[in-house]
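Step one of this worksheet: look at the structure below.
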Amino acid sequence: NQALSRRYNSIFKRKEVCIKEW
Amino acid sequence: YDVNSKRLKCTDEADENLQTNVDQVNSLTAALIPETNPNFTPQPHEDISKLVKNLFDSGLKNAKQNKFPEALKNVSLAIEMAQRKRAPWEAFAVQLQELQFMLRHKIDLLLVLGKYLDALQDLDMLLNTGLVQPEVFIRKTDALLKLGRLDQARIECERGLSLQPQNTKLKALNLECARRLADFNG
Amino acid sequence: QSYEYDESSETWPFFLLTLLFMVLVPLTVSQASRLFFGQAVENGEENNGQRQVQKALARIDDEMMDEEMRTFRQAYQKSKKSKIWSKRNVMVVVGWALFAALVQRIRNSEAIEASAIGVFDPYALLGVTASASDRDIKSAYRKLSVKFHPDKLAKSLSSEERARIEEMYVQISKAYEALTDEITKANYLTYGHPDGPQTVSHGIAIPSFLVDRAASPVVVLAYLVLLSIVLPYLVSKWWSRTRSFTKKGIHVKTASHFVDRLVNYKPSEIVTVDLIVKWLSDAEEFKILFPQLTSADFEQLIHDHINRAENSTIKDKTVRFRVVGKCHSLLHGLLDLACGIRNTEIAIVTLETFKCIVQAVPPTPYSQIMQLPNVDKQKFLQGSVDEIHTLGKLFTYKDEEISKILGIDDEHKLKQTLAVASNIPQLKLIKAEFLVPGESQVSPSSTPHISIKLLVRSPQQKNIPPERFPESMLEEPQDFEFQQNPFNIMETEPLMPYSYAPFFPSKRRNAFCCLVALQKDAKILQTPVIVQRMSLENLTKNFDKREIKDLDTDFTPEDWKIGTIKIPLGQPAPDETGDVYFRVIIKSTDYFTTDLDFTVNMQVRD
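Chains as they are written, first to last, in the numbering used here: chain A, 10 to 31; chain B, 339 to 524; chain C, 10 to 615.
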């Protein structure tokens, strides 16, 4: 459950990286 | 250990793994303290389940009425609630299924509303949680095409096709990718 | 009990001579062959196409280099390629000089001459050649015995002379017997003298002065130093050097750091080139080269290189060049480890990082254009109405339009840019399949390999659909040799020429890295296959897409060279029949170009 929660919470950072890279 | 807040804190030399572990212990503690039932079980909490279901259902209703922005808001809220309010010891299988179910609807709403990057993140989340199915790849290819990531779109499409070689939608998307890539490469 | 040392220096020169000869002859042969034949093979210039491409790119590469880079490259190349004055060649020359000196010493040595005289040579005594027949020997003997017979001697000769002639006569008789009489002959053949075994002395071929009272402590000391200091030192140095580097050529500490990063990598984190550069900056190799600098320094240096900026506090360019040059082996090592951990994303981004470092271009959607020389970045980013990201798209425009798009006014510079752009190889997939040599299909538990037929083409050339190539051009030879080793076909291709990379600290060749992953779990299956041989002759063909309108009239498939890549599979086919899908990724290490990324189906049938 905690791992799931961590993965869910990383979405915001991932979005930022995608915007920067693309 | 801070006696007042009942939380552990890492020293500066702690590495990432230790920090993660400490965070887990802290959230477990924080969830245990307000728990009133001495015989708690992994069974999902009734109240929270009802709350989440209500939010989600209202989202679906909004969608049926073509009020997509509101639908998205409600479904997203439902997911937030599920993530935040549920205790860490509640059955993982149930939590996962609930999340996957809600995410799929959220993704469709995001795609309709043109929020392709958000949809892509949620699709990746679905894949990471083990939902490796052609439907996910159809949507991922679509989102990537709309974002202009043509190479990646083709790669995802091919992976989808390897799961279901006769899937018509994926075959159509494959042709679309090829066509757009041909133009992209002159 | 008593040892006879080589008092008169008769034996040790021969011993030394033999040793020298044993070492000098192979060394001389190998150095000579390297000197005369090494050049051509190394440059891969056997192929006309390769030569043309290399010539075109080398000239521009040279023009685009800045002075500091030129100085650095020259210094690096000199130390590597001084063929004439290398240590080995000097050793060979000194060795032969010693040899000549020894031969001279032997010639002048009286003691050796005296022993040589003592050797019994019947042929010389009789004055005949070694191949003389029995009749010649008989007639020679008769003539000489008449001349030297004691009874026939003149009375006027002195007693010494008489004794000498009598001795001669005895020797001649013995010589004759040695060649004719059976028993004497046997004696001669076995003992080297007709009278039977002569005195034989055994001794030690060391000059006596070495073991004399005065010199012997020195000799003992020399032995001591050699055995207890020099030898252990050399062995330990060699051992520690072997132990501290992995098979791939990176330091074990670096390898373990990479493994640590790979194992602790969170799938939620997106892999970027910046992340890979961060991992690289902690490499042990950098710390050994520049112990006074930190990881942050190295990271900044690599970023400066990629962005062609000067933000680092370290002003000495050679530091940057050496750091960047080292990245080649580090990235290969990381790629290998990433494939071992089966992480596809990291492997792919490692290869992207490779390109960024070789071309000194940051990873943007426009990297294909930015790697070209003379491009005005501002003008390009502001200008393009139609989104141009790829070289292929660039070449859909006329040269004059391209000069506007890229912001290049000078005609010579435009020519340079177009030359580079049109010589960057692109791969086009024609056919990919699983093959089992000698069988028509893949059966359960067989050992298939992936056979890829591709077309190397220039971004300037018109696209040729794969169907245009007849099956006959894609066929494999079916002889026994091919079945034994199907991968030999790749060895027949010429080495790839030196790349256009004026920002990389050394001349380098392009390579294609082939990765294989399973589609089911999207994980890499095996270590990468590096392809360094591929014919680029198609790049020299004039097939401009802006000019060719009709493939039916202007295209002859036989004019084009089909390239082959064969990738061995690290595991056998599954036991059950069915379809297994694999993803094959083939990326260039040096250029931003259209790399291959496709799916192949392994159809396992009974």
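Backbone N, C-alpha and C fix where the C-beta goes; we use that ideal spot for every residue, glycine too.
Since this is a predicted model, take the numbers as computed values, not measurements.
*Taking just the CA atoms, how far does V450 of chain B sit from F406 of chain B?*
Cα-Cα distance, rounded: 8 Å.
*What are the residues that DSSP puts in a beta bridge with S265 of chain C?*
In the DSSP output, where bridge partners are listed per residue, S265 of chain C has none listed.
*What's the call for D462 of chain B, buried or exposed, on a 16-neighbour Cβ count within 10 Å?*
Under this definition D462 of chain B is a buried residue.
_chain B residues whose Cβ lies nearer than 7 Å to that of I401 of chain C_ = Inspection of the sequence shows that residue 401 of chain C is occupied by Gly rather than by Ile. Residues of chain B passing the Cβ test: N523, G524.
_Where K444 of chain B falls, given that 16 or more other Cβ within 10 Å makes a residue buried_ = With 16 or more other Cβ atoms within 10 Å, it is buried.
*Kindly confirm or deny that the segment 339-351 of chain C and the segment 311-329 of chain C touch, where touching means at least three C-beta pairs closer than 8 Å.*
With a cut-off of 8 Å, the segment 311-329 of chain C and the segment 339-351 of chain C do not count as touching, because too few Cβ pairs lie within range.
_Counting only C-beta atoms, is S48 of chain A closer than 8 Å to chain C at any point?_
Residue 48 of chain A lies beyond the range of chain A shown here (10 to 31); nothing can be said about it.
_Is the beta carbon of H260 of chain C closer than 8 Å to that of E294 of chain C?_
A contact, by the Cβ cut-off of 8 Å.
*How many Å lie between K554 of chain C and Q63 of chain C at the Cα?*
A straight-line Cα-Cα distance of about 23 Å links K554 of chain C and Q63 of chain C.
*Leaving out the 5 sequence neighbours to the left and right, which residues in its chain are closer than 8 Å to L153 of chain C when beta-carbon positions are compared?*
Excluding positions up to five away in sequence, the list reads L135, G136, I181.
*Taking three-plus beta-carbon pairs below 8 Å as touching, is the segment 459-473 of chain C in contact with the segment 501-519 of chain C?*
No: fewer than three Cβ pairs fall under 8 Å.
*In chain order, which continuous runs of the alpha helix (DSSP H) of length 4 or greater are located wholly inside the segment 196-256 of chain C?*
You should have 217-220, 225-234, 240-253.
*asked:* On the DSSP bridge list, what partners appear for D340 of chain B?
replied: The partner list for D340 of chain B (beta bridge, DSSP) reads B:R345.
*Any idea which residues DSSP pairs L463 of chain C with across the strands?*
DSSP, once it has assigned bridges, lists C:L438, C:G572 as partnering L463 of chain C.
*Whose CA, out of C:K402, C:G447, C:S245, C:V525, lies closest to the CA of F357 of chain C?*
Looking at the sequence itself, residue 357 of chain C is Ile, so the reference to Phe does not match. The candidate whose alpha carbon is nearest that of I357 of chain C is C:V525.
*CA-to-CA distance, L499 of chain B to N505 of chain B, given in whole angstroms*: If I take the Cα positions, the gap works out to 7 Å.
*Once you ignore the five residues that flank A481 of chain B on each side, which residues in its own chain have a CB closer than 6 Å to its CB?*
Once the five neighbours on either side are set aside, the close Cβ partners of A481 of chain B are Y454, A457, L458.
_Can you pull out the residues from the segment 350-367 of chain B whose beta carbon lies closer than 8 Å to at least one beta carbon of chain C?_
Within the segment 350-367 of chain B, the residues whose Cβ lies closer than 8 Å to some Cβ of chain C are E354, N355, listed in chain order.
*Assign Y489 of chain C to one of two classes, buried (16 or more other C-beta atoms within 10 Å of its C-beta) or exposed (fewer than that).*
In the sequence as presented, Tyr is not what sits at residue 489 of chain C; that position holds Phe. Exposed: under 16 other Cβ atoms inside 10 Å.
*asked:* Which of the three DSSP states is assigned to L527 of chain C in this structure?
replied: The three-state reading of DSSP puts L527 of chain C in strand, counting E and B together.
*Proximal residues to N610 of chain C (C-beta, below 7 Å), its chain only, five neighbours per side dropped*: By the criterion of a C-beta distance shorter than 7 Å, N610 of chain C is surrounded in its chain by D588, Y590, once the five residues flanking it on both sides are discounted.
*Nearest to A67 of chain C by alpha carbon, out of C:S515, C:V280, C:D568?*
In terms of Cα proximity to A67 of chain C, the closest of C:S515, C:V280, C:D568 is C:S515.
_Contact list for the segment 422-454 of chain B against chain A, Cβ threshold 8 Å_ = Taking 8 Å as the Cβ-Cβ cut-off against chain A, the residues of the segment 422-454 of chain B that qualify are R424, P426, W427, E428, F430, Q433, L434, L437.
_Outcome for H398 of chain C when other beta-carbon atoms lying within 10 angstroms are tallied against a minimum of 16_ = By the beta-carbon neighbour count (other beta carbons within 10 angstroms, threshold 16), H398 of chain C is buried.
*Which runs of the alpha helix (DSSP H), 4 residues or longer, sit entirely within the segment 59-132 of chain C?*
Qualifying alpha helix (DSSP H) stretches, in chain order: 76-90, 96-117, 119-127.
*Less than 8 Å separating the beta-carbons of N287 of chain B and G401 of chain C?*
Any answer about residue 287 of chain B is impossible in this case: the structure gives chain B only from 339 up to 524.
*chain B partners of Y274 of chain C, CB-CB under 8 Å?*
Here the premise fails: no neighbours, minimum Cβ distance about 11 Å.
*What are the boundary residues of the beta strand (DSSP E) that Y590 of chain C is part of?*
Taken as a continuous stretch (DSSP letters only), the beta strand (DSSP E) holding Y590 of chain C covers 587-597.
*Since I539 of chain C is in the beta strand (DSSP E), which residue starts that stretch and which ends it?*
Unbroken beta strand (DSSP E) run through I539 of chain C: 538-540.
*With 8 Å set as the bound, which would you pick, yes or no: does the beta-carbon of N377 of chain B sit closer than that to a beta-carbon of chain C?*
With 8 Å as the cut-off, N377 of chain B does not count as an interface residue toward chain C.
*Curious, which full-length alpha helix (DSSP H) runs of at least 4 residues does the segment 342-398 of chain C contain?*
Restricting attention to alpha helix (DSSP H) runs no shorter than 4 residues, the segment 342-398 of chain C encloses them at 353-368, 376-379, 386-392, ordered along the chain.
*Nearest to L207 of chain C by alpha carbon, out of C:P475, C:E77, C:N196?*
For the record, residue 207 of chain C in the displayed sequence is Gln; it is not Leu. Cα-wise, what sits closest to Q207 of chain C is C:N196.
*Counting along the chain, where does the beta strand (DSSP E) carrying V613 of chain C start and finish?*
Note, V613 of chain C: beta strand (DSSP E), 605-613.
*Whole angstroms is fine: what's the gap from I246 of chain C's alpha carbon to W31 of chain A's?*
The question names Ile, but residue 246 of chain C is Lys in the sequence shown. Rounded to whole angstroms, the separation of the alpha carbons of W31 of chain A and K246 of chain C is 49 Å.
_Between T359 of chain C and chain A, is any beta-carbon pair separated by less than 8 Å?_
Using a Cβ-Cβ cut-off of 8 Å, T359 of chain C does not count as an interface residue toward chain A, since no Cβ of chain A sits closer than that to its own.
*asked:* Is there a Cβ of chain C sitting closer than 8 Å to that of E496 of chain B, yes or no?
replied: With a threshold of 8 Å between beta carbons, E496 of chain B makes contact with chain C.
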